[in-house]
Amino acid sequence: MIMQELKRVILTALKLDDWDIKDETLAAQVPGWDSLNHVNVILAVENHFRVRFKPVEVLKLKNIGDLQTLLTSKLQKPV
Amino acid sequence: MIKELGSENEVIWNRWSKNAERAADRDAIIHWVAGEEPFRWTFSALIETAEVLAAMLVERDIGKGDVCAIIMRHNRILYPLYLAIVCVGAIPAVLAYPNPRLHPDKFRQGIDGMSLRSGLDWVFTERDLEETVRPSLEKPDSTIKGVHFPLEWKTGHALTKEQLERVITGHNMVNRDDPLLLQHSSGTTGLQKPVLLSHCAVLEHVKYYGRGIGLNEDDKIVSWLPLYHDMGLIAAFHLPLAFGVPTVQIDPFEWVMVPALLLDAVSTERGTISWLPNFAYNMMADKIADDELEGISLESWRLVINCSEPVRYESHKRFAGRFQHCGLNPLAISSCYAMAETTFATTQTPPGTPPSLLALDRVALAQGKVKIAQDGGQAKMCVSSGKTIAGCQVKIVDENRQDVGERTIGEIAIRSRSMFDGYRNYPEKTAEVLCDGWYYSGDYGFADCGDYYVIGRKKDIIIVAGNNIYPEDLEDVVGKLVGVIPGRVIAFGEEDKKLGTEHVSVIAESDITDDQRQRKLKMNIIQAAMAIDVSVTKVYLVSPRWLIKSSAGKPSRKANKDRILYSSETRGSKSNDYAGIEARHTNGAQVG
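If you read the sequences in order, they're chains A and B.
First residue of the first sequence: 1, per our numbering; consecutive thereafter.
First residue of the second sequence: 1001, per our numbering; consecutive thereafter.
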């Protein structure tokens, strides 16, 4: 399940008013989320939630559900 | 300097074989995968595997003159497969693996167009793509004889004497003037122009461009560039393989998601030369975090060559400033002007010198004149793409193809020892651009003190991050949408200073006036573009008959781009005479 806050960060990064984002949604299915913009979305998520993703973690993401899972795991880790 | 091998009848496979004998255990290709140990092909292992694959091709009746499309993701087998195809005299054509957003029908349309134009004979791909590719094969007019899945082939065996003899027989039929490779431009509406290059053209280019950049035994190329692009294929693949120096190959999809990968590879492998399109300088300067630079040393990088997009002064400045503390030598930043039709480079900044700069008067430049700016604040900084490399001649010509001399803007024309053999099966297009040995590039520029500056182009191609996008492709799909007046659409490239490249904008005529329906239409336009793998950043909806027509009766891209971006009626003014239009026109949909 995608957190509303994550969805909002993604939509803001892509300058979208709204879009149906589910666990299985692929980046390629979201308008504006192309390969060039991918790094911007990831940076927006990192900055908003104050987390850092490792390169390999980013490369393993298959869909937005994976991003949510990765984010959740980072947020649960003690700083 | 590496000893220049070769004889008058040498073909490229012989060069690779000689390198394998001369430096058998030296790394040829370092296949880089993030988070894994790189796979290292030595020159001898690469050639041996290519020979095994060549035997498999011969067994499948693949031979001289057959056009072989390779549609594969980043995989270590791709390199020996490419070499094997060359070995038997067939013609490799590396094509982009389809992005998930590209509609399968559009992908097939591209394949079908290539089949009709190039006489595509065989497709080498991955099993995942079989369902997508197979219908192209089954069409009655298809030239495609079969689809192969080389990742499933077993290559870990030695060749029998008979197998080797059959490969040698096939190979011995190849001559220096025969076609070596095909490069296809992107596109889905039959606009692809297959550039055919001979063994001779590529070997000549490797010789002269190698000299131009002072290529030597200590060099190591590092590249994330795709092999379906001339910069990736010629500069970062053919050049090092023919010279016998290593090349590190990074997955383009991985690099664009994690731009620091290039720096990591340069630092780890002590890389010396890379080629990058302009946007990559901005992307790396802006998107790499400080913690990703810990332990990175860029001292070994002696050339970082900007190519395939207009070279932007700001991009170089930001890149140099960002990475100087990692040991980047500012003099490593370099530029070149290149195109597939001349194999690759025609001009290059001499190594160890900065690209020349000219501060030009913006107003004069817009009028096609070269005038040094008096006011620094209003100047347009133009970066030279370097000086002509040996084996090439460059001239600037007017509309009658007459030489205009220095400091006058005109079309750039090139004569080269490594000229292409024309667009395959496209004599009318070839005749348009090739005349008396000169290739007329369609790019505008000027010369100054032996330096060449590229400032624009005659053609309407949009270049986004080094990739060519044909506006016709986009106009075709957008023009079919309900709500858009058929045929009343133009697409164009808009300068994006932040990204250091262009982004794609669309102007479409529509009689929809309702805000909510307009928003829906804009989103439909963006999604239609996604289906042909184009990201549209701005959509301008305008009222019927808003678009200016050219003398040919079609909407003019240039006139309408100027009108929407620069005309006083559309610069956000609320003047009465514009009010009617403004209500229907959006200054950027800002939805993607």
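Ideal Cβ placement from N, Cα and C applies to all residues, glycine included.
Since we're looking at a predicted model, the values are computed, not measured.
Problem set entry | Listed by chain order, chain A residues near B:Glu1254 by CB distance under 8 angstroms | Leu59
Exercise. Alpha carbon to alpha carbon, how far is B:Gln1192 from B:Tyr1426?
Worked result: One Cα belongs to B:Gln1192, the other to B:Tyr1426, and the distance between them is close to 10 angstroms.
For this session: Grab me the residues of B:Lys1387's own chain with a C-beta within less than 8 angstroms of its C-beta, minus the 5 sequence neighbours each way, in chain order.
Result: Thr1347, Gln1348, Thr1349, Pro1350, Gly1450, Asp1451, Tyr1452
For this session: Would you verify that the beta carbon of B:Val1591 is, or is not, closer than 9 angstroms to some beta carbon of chain A?
Result: At B:Val1591 the pLDDT is 28, less than 50, meaning the model places this residue with poor confidence; the figure from the coordinates comes in the next sentence. So, interface residue.
For this session: Using the Cα positions of B:Ser1335 and B:Ile1305, report the straight-line distance between them to the nearest angstrom.
Result: 5 angstroms
For this session: Using alpha carbons as the reference points, say which of B:Leu1137, B:Gly1113, B:Asp1128 lies closest to B:Trp1122.
Result: The candidate whose alpha carbon is nearest that of B:Trp1122 is B:Leu1137.
For this session: Would you kindly work out how many angstroms separate the C-alpha atoms of B:Lys1498 and A:Leu16, rounded to a whole number?
Result: 20 angstroms
For this session: With a 10 Å radius around its C-beta and 16 neighbouring C-beta atoms as the bar for buried, classify B:Ala1020 as buried or exposed.
Result: buried
Exercise. Should the region 56–65 of chain A be called in touch with the region 1165–1177 of chain B, which here means at least 3 C-beta pairs below 8 angstroms?
Worked result: no
Problem set entry | B:Gln1516 to A:Val30 span [Cα, whole Å] | 20 angstroms
Exercise. Between B:Ile1070 and B:Leu1053, which are expected to be in contact by the criterion C-beta below 8 angstroms, what is the C-beta distance as a whole number of angstroms?
Worked result: Contact flag wrong, Cβ pair sits at about 12 angstroms.
Problem set entry | Three CB pairs or more closer than 8 angstroms across the region 1300–1319 of chain B and the region 1275–1289 of chain B | yes
Exercise. For B:Arg1312, which three-state DSSP category applies?
Worked result: strand
For this session: Closer than 8 angstroms by beta-carbon distance: list the chain B residues that pair up with A:Val51, in chain order.
Result: None at all; the shortest Cβ gap to chain B is about 12 angstroms.
Exercise. Quick one: does B:Arg1571 have its CB under 9 angstroms from some CB of chain A?
Worked result: Confidence at B:Arg1571 is low in this model, with a pLDDT of 48, below 50, so its placement is unreliable and the value that follows should be read with caution. No, because no Cβ of chain A sits closer than 9 angstroms to the Cβ of B:Arg1571.
Exercise. So which residues of chain A does B:Asn1099 contact, with C-beta pairs closer than 9 angstroms?
Worked result: Ala28, Asp34, Ser35
Exercise. Excluding sequence positions up to five away, which residues of its chain have a Cβ less than 6 angstroms from the Cβ of B:Arg1073?
Worked result: Tyr1097
For this session: Please decide whether A:Ile42 counts as near chain B, where near means a Cβ-Cβ distance under 9 angstroms.
Result: yes
Exercise. Going by the beta-carbon positions, is the gap between B:Leu1262 and B:Val1311 smaller than 9 angstroms?
Worked result: no
For this session: Rank B:Arg1060, B:Ile1462, B:Val1484 by C-alpha distance to the C-alpha of B:Val1520 and give the top, closest one.
Result: Per the sequence shown, residue 1520 of chain B should be read as Lys rather than Val. Checked all of B:Arg1060, B:Ile1462, B:Val1484; the closest Cα to B:Lys1520 is B:Val1484.
Problem set entry | Buried versus exposed, by CB contacts within 10 Å (16 or more), B:Pro1355 | With 16 or more other Cβ atoms from the protein chains shown falling within 10 Å of its own Cβ, B:Pro1355 counts as buried.
For this session: Kindly identify the DSSP beta-bridge partner or partners of B:Cys1435.
Result: B:Trp1438
Exercise. Can you tell me whether B:Cys1200 is buried or exposed, with buried defined as 16 or more other CB within 10 angstroms of its CB?
Worked result: buried
Exercise. Thinking C-alpha only, which one of B:Gly1553, B:Ala1093, B:Asn1560, B:Glu1217 is nearest B:Thr1125?
Worked result: Nearest option by C-alpha distance: B:Ala1093.
Exercise. What's the gap between the Cα of B:Ala1559 and the Cα of B:Thr1268?
Worked result: One C-alpha to the other measures close to 50 angstroms.
Problem set entry | As assigned by DSSP and simplified to three states, the class of B:Ser1198 | strand
For this session: Determine the burial state of B:Ala1260: buried for a count of at least 16 other Cβ atoms within 10 Å of its Cβ, exposed for fewer.
Result: Label assigned to B:Ala1260: buried.
Problem set entry | Simplified DSSP assignment, three categories, for B:Lys1657 | Any question about residue 1657 of chain B goes unanswered here, given that chain B covers just 1001 to 1592.
Exercise. DSSP three-state call for B:Tyr1228: helix, strand or coil?
Worked result: coil
Problem set entry | 4-residue-minimum alpha helix (DSSP H) runs that sit fully inside the region 1466–1554 of chain B, ordered along the chain | 1471–1478, 1515–1530
Exercise. Quick check: the region 1105–1122 of chain B against the region 1156–1175 of chain B, are there 3 or more CB pairs under 8 angstroms?
Worked result: no
Exercise. Just how far apart, CA to CA, sit B:Tyr1313 and B:Pro1330?
Worked result: The alpha-carbon atoms of B:Tyr1313 and B:Pro1330 are separated by roughly 13 angstroms.
Exercise. DSSP three-state call for A:Ser73: helix, strand or coil?
Worked result: helix
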